Structures are given as C-alpha cells and as structure tokens.
Amino acid sequence: MPELPEVETVRRTLIEVIQHETIERVSVLYPNIIHMDQHEFTNLVVGQTIRDLKRKGKYLIFILDKHAMIIHLRMEGKFFLKRNEPILKHEHIIFTFRSGLELRYHDVRKFGTIHLVPLNDYLDTYPISELALEPKDLSVNQFYQSLRNRSITIKQALLDQRIVSGLGNIYVDETLFISKIHPTRKACDINDEEANTILKAATNVLDKAVLLGGTTIRSYTSSLGVHGRFQNELLVHMKQGEPCPRCQTPIIKIRVGGRGTYVCPECQT
DNA sequence: AACGAAACCTGCGCGC
DNA sequence: TGCGCGCAGGTTTCGT
C-alpha cells in the first residue's frame, strides 16, 4: 500500500479512531520490524497517548507525548483495528489501548519499519531527515538543480525520496506519461521547463489520487481505509498492450532501474 | 557515481 | 496436482 496517496488515506482514516488513545500494552510478534531493542521500544511507548498522526512522504508519524513513532509500510504494511479477536498469521505488532481497542500492524512480507525517535527533533532525525519535499512543495529550481548533474534515468530520480518524496512506481509512470517524457531519459537532460511539467503533473496525480482514496491493485484484503478508486483513473500503469489514451499506440512494459515500467513508446520521448 | 543484483519476506499466477 | 520461475505499490546494501 505504499505511495503517498495510500499512506495519506490510511492517516486520515486512522486518526479519527486512535487520536487520544493511550497505549497500555504492546505485543511484538516479529521484532525485526522495529529498529530498536523491542523491550526498550515497548517500555518507552507504553503509557504514552497518541496526540496526532502525521505523514511525510510515505512515512506515517504517530505523535506521542514524548516520542514520534515513525512507520513505513513498505510494500504491504497495513493497519487493522480490532478487539479481542484471534491473532492472524501476518499481524506482527499489536498495540492495545486502555479502551480495549487494538491497533494491529499487518505485513505479509515483513518489510515495514518502525523507528521511535524523540519528539522534539524528529524532523531532523533519521529517517525523516533524509526526505526531500513532496512535489507540491518543491520549487522547480530546487528540483531542476538536483537533476542537472545526475546521469541516472528520470524515473530513478523520481523514485529517489531524497530528490522528491511521495512518488512510487505507479505514480511515477503516470506522471511521466502525462508529462510526455520517456522514463529512460537521463535526469541531467531534463530542462527546467520539463522539470516544471513533471512537478505539476506529479502534484496533480497525487492530489487526484488522494481525493479518490489511493490506488488498490492486486486486490488484497481491504485494509483499514484502503478501498481506493484511483486504479480506475490509471492511464498507463498495468496497461500493457492496451492503446495509449493519447495516440492509440499499444502501451509497452519495460524495465527501468529494476522496476516494471509502463510507457507509450510513441508519445513519451 | 552508477549499475545491477541481492537482501529483507511471502504469496500469487503462470507455464510445463 | 505439483514445481519452478518471475513478479509484486519499497528501500538498503554490497559488489563491480
């Protein structure tokens, strides 16, 4: 579930339910998710109240009394809210609140990460400190400058969260299609006008996807708040063999930087 | 610096 | 039905 719109959808849904809940107990069933000694983590977190839930790029940030709990869902992380139900195979961390409600972190591939950092400077602490701004906040000049000396492809640059944050494989493909730019173009060959086009396209795509609750492909069990509808709006992603919405040329699938990439070979140049 | 591959994991769909 | 392979919305690490 991982790109910005899906994470934002989770954030909006979750905050309504868990704000003001106090953590009474934590069960860590798979410790590797937590980038800290699990007992230290549990000791620090128990007794703290969830004051707010924020997001930066693809990270969810639980604002507690003294700490920020920073969670990355990676490929398949999800949250479920339950009480007194049997624990499922892929539920790895269970936060039990004083109210009896349980927040369960579910992750089939166990790729997700949890960092606990002091609240006062979490923005300047790893991992949030590594993040670039999101497309809507990034200036064209700043973006252009970070591309101009790079020989990587523009797709790889857009996936690099230190250059621009929030985009993943789906929304990069969509952004580059809208921008009529081929994903294998060198980042340093993108001029400032094209950089502007890309940023605007990315902003629009992400905004629209957030409005529609994100994208749900490969029908996983609908997790909390993730019944997205943006998959109906996809122009190229997963559309291989189908006609390009602009020029009718069949969309092809290629590999760029190791990632499956959908592109119109005719109108993206 | 950059590229690919491997690593972290599991499950699914495909061809045979 | 079973097996092996490739693939998956992400990121880090390691070797060339």
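Numbering (the working numbering), first residue to last: 922 to 1190. Think of the CB as a built atom: it goes at the ideal place given N, C-alpha and C, for glycine as much as any other residue. Given the structure is predicted, the values throughout are model-derived calculations rather than measurements.
Asked	Found
Report the three-state DSSP secondary structure of residue 1018 (helix, strand or coil).	strand
By Cβ distance, which residues of its chain are closer than 7 Å to residue 1074, with the 5 residues on each side in sequence left out?	1104, 1105, 1106, 1107, 1108, 1177 and 1178
Who are the Cβ neighbours of residue 954 in its own chain at under 8 Å, not counting the five residues just before and after it?	1013, 1014, 1026, 1028, 1031, 1033, 1034 and 1035
Ordered along the chain, which non-local residues of its own chain (more than five positions away) have a Cβ less than 6 Å from that of residue 1038?	989 and 1046
Which one or two residues does DSSP pair with residue 1176 in a beta bridge?	1181
Kindly identify the DSSP beta-bridge partner or partners of residue 948.	1015
What residue range is occupied by the uninterrupted beta strand (DSSP E) comprising residue 1093?	Unbroken run through residue 1093 is the alpha helix (DSSP H), 1090-1099; no beta strand (DSSP E).
Starting from residue 1000 and walking both ways along the beta strand (DSSP E), at which residues does that stretch end?	998-1003
Can you say whether residue 1010 is buried or exposed, counting buried as having 16 or more other CB atoms within 10 angstroms of its CB?	exposed
Going by DSSP, what residue range makes up the beta strand (DSSP E) through residue 1034?	1034-1039
Could you have a look at residue 980 and say whether DSSP puts it in helix, strand or coil?	strand
Between 1120, 1181, 965 and 1148, which lies nearest to residue 1160 when the distance is taken from Cα to Cα?	1181
Is residue 939 helix, strand or coil when you go by DSSP?	helix
Pull up the distance between the alpha-carbon of residue 1017 and that of residue 1092, whole angstroms please.	35 Å
Just how far apart, CA to CA, sit residue 906 and residue 1110?	Within the shown structure, residues of the chain are numbered from 922 to 1190, placing residue 906 beyond reach of any answer.
Any idea if residue 1168 is buried or exposed, counting beta-carbon neighbours within 10 angstroms, 16 or more meaning buried?	exposed
Since I believe residue 987 is in contact with residue 1040 (beta carbons under 8 Å), could you give me their beta-carbon distance rounded to a whole number of angstroms?	6 Å
Counting along the chain, where does the beta strand (DSSP E) carrying residue 1025 start and finish?	1023-1028
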